[in-house]
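Data block below; observations after.
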């Protein structure tokens, strides 16, 4: 039986929310090195309700602030998506996900130091995740050429995909209008495709083979990312359900 979790995107309380979490399970067997803050996020996940204030300001069909995004929830299926890999080849994400359970990560770009640290952390646990039966896919606003640069720089062995026009981020409900100080380089980093100058809220989704979301971690504070230990704990707890 599916467990539905709701996320509260109430503007009045959004500044005090460190992360938006929705879990397909009520509890995880967390290792001792998972921080108390992350355990608190999990314990509070079930009280959040997905509502966006009527006063939310929008532009180009997305909110102006990251805390006002309205993402897909646990139990929902991912949309149909065609993205590009580092070679510029088209990739049917749904077909790839159908092959095995997937850790799907949305990050801002290789230019973001917090994203680089997250990607490196994923590489450190990539073998553990693979041994559990998962594949790791990370998606960003970067052009295929810039994906190649990131893969080389961070020595990544998992798949990077380009969402340069943020079509995937929009469908996942995690896109928002970037601050003005990003306007000078976002179009160039995306190969000219990010014409609306948008960004994704950094997000992690664990998907089963039918494309259903079993776990998600979505944080409007781009400096805060899920730890490797929590990622592994969530993946381990869900592996028998995939």
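In our numbering, the protein residues as written are 1474 to 1715.
C-beta atoms are modelled at their ideal positions from N, C-alpha and C, and glycine is treated no differently.
Exercise for review: Could I get the ranges of all uninterrupted beta strand (DSSP E) runs contained in the region 1565–1649, with 3 residues as the minimum, in chain order?
Suggested key: Those beta strand (DSSP E) runs which fall completely within the region 1565–1649 and span 3+ residues are 1575–1579, 1608–1613 and 1632–1635.
Check your understanding: Counting Cβ pairs closer than 8 Å, one from the region 1609–1627 and one from the region 1570–1583, do we hit at least three?
Key -> For the pair of segments examined, the region 1609–1627 was found to touch the region 1570–1583: the number of CB pairs separated by less than 8 Å reaches three.
Exercise for review: If I'm right that residue 1555 touches residue 1569 with Cβ under 8 Å, what's the distance once you round it to whole angstroms?
Suggested key: Counting from 1 along the chain shown, the entry for residue 1555 is found at position 82. Counting from 1 along the chain shown, the entry for residue 1569 is found at position 96. At roughly 11 Å, the Cβ-Cβ gap does not stay under 8 Å, so residue 1555 and residue 1569 are not in contact.
**Study point:** Where the alpha helix (DSSP H) containing residue 1709 begins and where it ends
**Key:** As a working note, residue 1709 is residue 236 in the chain shown. Counting along the chain, the alpha helix (DSSP H) containing residue 1709 begins and ends at 1701–1711.
Check your understanding: Does the distance from the C-beta atom of residue 1679 to that of residue 1687 stay below 7 Å?
Key -> Taking the first residue of the chain shown as position 1, residue 1679 is located at position 206. Taking the first residue of the chain shown as position 1, residue 1687 is located at position 214. Using a Cβ distance threshold of 7 Å, residue 1679 and residue 1687 count as a contacting pair.
Check your understanding: Which stretch, first to last residue, makes up the alpha helix (DSSP H) that contains residue 1659?
Key -> Taking the first residue of the chain shown as position 1, residue 1659 is located at position 186. Segment 1659–1662, the alpha helix (DSSP H) holding residue 1659.
Exercise for review: Would you please state the rounded distance, in angstroms, between the beta carbons of residue 1596 and residue 1630? I believe it to be under 8 Å.
Suggested key: Numbered from its first residue, the chain shown carries residue 1596 at position 123. Numbered from its first residue, the chain shown carries residue 1630 at position 157. About 7 Å separates the beta carbon of residue 1596 from that of residue 1630, a gap short enough to meet the 8 Å contact definition.
Exercise for review: Name the residue from 1574, 1560 and 1552 whose alpha carbon lies nearest to the alpha carbon of residue 1602.
Suggested key: The count along the chain shown starts at 1 and reaches residue 1602 at position 129. If we check each option's Cα against that of residue 1602, 1574 comes out closest.
Check your understanding: Between residue 1681 and residue 1576, what straight-line distance do the alpha-carbon atoms span, to the nearest angstrom?
Key -> By 1-based counting over the chain shown, the position of residue 1681 is 208. By 1-based counting over the chain shown, the position of residue 1576 is 103. Taking the straight line from one Cα to the other gives about 9 Å.
Exercise for review: Could you name the residues of the same chain whose beta carbon sits closer than 7 Å to that of residue 1667, not counting the 5 residues immediately before and after it, in chain order?
Suggested key: Mapped onto the chain shown, residue 1667 falls at position 194. Contacts found: 1614, 1637, 1638, 1639, 1659 and 1660.
**Study point:** residue 1559 burial status per 10 Å Cβ neighbour count (16 or more: buried)
**Key:** Indexing the chain shown from 1 puts residue 1559 at position 86. Flag for residue 1559 reads buried.
Review point. For residue 1706, is the classification buried or exposed, using 16 other Cβ atoms within 10 angstroms of its Cβ as the cut-off for buried?
Key: For the purposes of this step, residue 1706 is taken as the residue at position 233 of the chain shown. Looking at its Cβ environment, which holds 16 or more other Cβ atoms inside 10 Å, residue 1706 is buried.
Point to revise | Inter-residue spacing [alpha-carbon to alpha-carbon] between residue 1589 and residue 1530 | key: One-based indexing of the chain shown puts residue 1589 at position 116. One-based indexing of the chain shown puts residue 1530 at position 57. Rounded to the nearest angstrom, the two C-alpha atoms are 30 Å apart.
Review point. Nearest CA to the CA of residue 1536: which residue from 1586, 1572 and 1643?
Key: As a working mapping, residue 1536 is identified with position 63 in the chain shown. Sorting 1586, 1572 and 1643 by C-alpha distance to the C-alpha of residue 1536 places 1643 at the top.
Review point. If residue 1634 and residue 1557 are in contact, beta carbons under 8 Å, what's the gap, nearest whole angstrom?
Key: Residue 1634 sits at position 161 when you count from the first residue of the chain shown. Residue 1557 sits at position 84 when you count from the first residue of the chain shown. The Cβ separation is near 7 Å, so the contact holds.
Check your understanding: Under a Cβ-count criterion, where at least 16 other Cβ atoms within 10 Å of its own Cβ denotes burial, should residue 1657 be classed as buried or exposed?
Key -> Working through the chain shown from its first residue, we reach residue 1657 at position 184. The C-beta of residue 1657 has fewer than 16 other C-beta atoms within 10 Å across all chains shown, which makes the residue exposed.
Check your understanding: Ordered along the chain, which non-local residues of its own chain (more than five positions away) have a Cβ less than 7 Å from that of residue 1587?
Key -> Sequence index remark: in the chain shown, residue 1587 carries index 114 (1-based). Residues 1695, 1696 and 1698 of the same chain have their beta carbon placed closer than 7 Å to that of residue 1587, with the five preceding and five following residues left out of the count.
Practice item. Can you tell me which of 1674, 1593 and 1691 puts its alpha carbon nearest to the alpha carbon of residue 1627? Key: Position 154 of the chain shown, counting from 1, holds the residue named residue 1627. Check the Cα spacing between residue 1627 and each of 1674, 1593 and 1691: the tightest is with 1593.
**Study point:** Anticipated Cβ contact below 8 Å, residue 1685 with residue 1550, distance rounded
**Key:** Residue 1685 sits at position 212 when you count from the first residue of the chain shown. Residue 1550 sits at position 77 when you count from the first residue of the chain shown. The pair is a contact, with the Cβ atoms about 5 Å apart (cut-off 8 Å).
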